[in-house]
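Residue numbers for the sequence shown follow UniProt numbering, so the first one is 1 and each next one is one higher.
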Amino acid sequence: MESTISALTRYQVKNFFTASGRPSQDQCDQYAANLTGELPTATPVQGGSSYTVVGGDFFLHHVEKAYDGYMPWHKDSGKLLNLHVYTMRNVGGVSMYLARASLYAKDCYLLRRTLTDYARFFASPWHNTPKAMPVPDRKSLYTEYLSDLTRLSGGLPERFRPVLRGLIERLPHLLADGWPLVPNHIDLLENNIHADPQTGALTGVVDWAGTEVGPFGMSLGAVENILGIAKTDYSHRYHANHRELRDLFYDELYRAIWPGLSVSANDRQRLEDARLIGLFLTNGWRYEGGTKTPACEGDASLCHLHCVLEATCDEY
């Protein structure tokens with residue numbers, strides 16, 4: 001696994017720096033050294049549209065308060081040629097890609113700690129999203145989601161349509177005033193989740209560039225990414241005890257959102273609808289020439305959606 005990630009990192013860094021008009025990797029490293037006063041080291045996992053190095057440990061003031069304690073603090077540090085430069089706190093731990101061996105050992109013993117921490121991470125914006133944070137108009141969100149779900153219902157294979165019809169029918173309830181709009185991380189893959197490989201503790205979540213404000217729970221489907229392993233045939237092979245682990249996650253999530261209270265059937269349904277809509281909007285499309293169309297049989301995202309719905313959705 002480490003050799004695979006290392007090769008991917010080298011490929012992504014090379015592609016990033018070959019783009020026209022960008023500074024060299026050496027120039028970026030020198031810029032980081034000047035900012036932090038320390039010799040930087042490239043992080044072992046890189047994204048495809050940025051270059052991240054580890055420098056000094058700063059207390060940075062720009063943070064999304066909704067997830068305080070889980071995300072790195074960012075600070076705008078100017079520009080290097082045409083690149084915007086940000087410094088951020090090192091969240092510690094390692095990418096879950098690199099922690100798999102320890103987290104998944106002994107029937108996922110350490111992963112249980114990760115999942116309970118992950119549940120508290122998801123619950124955090126329910127309590128901590130600043131009231132002053134600008135949010136989209138709920139009617140506009142309804143129109144946008146209705147359009148997308150209707151397109152998916154008409155364009156995805158027939159087996160997905162009963163689920164989509166139910167989501168469309170219940171969409172007004174999800175966007176009613178009683179359900180909070182919060183910032184949702186839309187790219188919660190294993191490379192963006194950091195954990196302590198010795199204890200399983202969640203140390204932080206990175207890569208917030210694509211955060212979207214929407215109904216609470218829209219990114220909940222991402223928990224399935226760590227309840228199994230994506231295979232080369234695009235299937236998702238779940239851990240043998242994934243049902244037990246999923247129950248552990250949701251029990252902790254409910255306690256963290258509604259401490260000391262029983263969860264109403266209406267709230268459970270809205271949370272499930274938000275999860276499913278997030279899954280469809282994330283995995284239901286294919287992108288060609290800058291436009292999105294409903295995914296087709298054989299597409300990796302649709303294969304993942306099928307596996308997750310088959311394991312978790314009674315309507316499917």
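Beta carbons: idealized from backbone N, C-alpha and C, even for Gly.
Asp68 carries a coil assignment under DSSP once its states are collapsed to helix, strand and coil. As a beta-bridge residue in DSSP terms, Arg286 pairs with Thr293. In this structure, the beta-carbon distance from His239 to Leu248 does not fall below 8 Å. In terms of CA proximity to Lys106, Asn241 leads the group Asn241, Ala209 and Ile257. CA-to-CA, the gap between Gly284 and Asp267 works out to about 25 Å. Of the residues Pro180, Pro197 and Val205, the one whose Cα lies closest to the Cα of Ile186 is Val205.
With respect to Cys313, Leu281 sits apart: the two C-beta atoms are not nearer than 8 Å. Sequence-distant Cβ neighbours of Ala66 in its own chain, meaning closer than 8 Å and more than five residues away, are Ser124, Pro125, Asn128, Thr129, Pro130, Met133, Val182 and Pro183. With respect to Leu115, Pro23 sits apart: the two C-beta atoms are not nearer than 8 Å. By the CB criterion at 8 Å, Tyr142 and Leu171 fall inside the cutoff. In this structure, Leu261 lies away from Gly200, with their beta-carbon atoms at least 8 Å apart.
In the structure shown, Asn266 adopts helical secondary structure according to DSSP, grouped into three states. Fewer than three pairs of CB atoms, one per stretch, sit closer than 8 Å, so the region 219-238 makes no contact with the region 154-173.
Taking C-beta separations shorter than 6 Å and ignoring five residues to either side along the sequence, the partners of Pro180 in its chain run Phe216, following chain order. Straight through space, the alpha carbons of Asp299 and Gly154 are spaced by roughly 17 Å. Taking all protein chains shown into account, Ser95 has 16 or more neighbouring C-beta atoms within 10 Å of its C-beta and is therefore buried. As the crow flies, the alpha-carbon of Arg151 is around 7 Å from that of Pro294. For Ala195, the uninterrupted beta strand (DSSP E) run begins and ends at Ile193 to Ala195, by DSSP.
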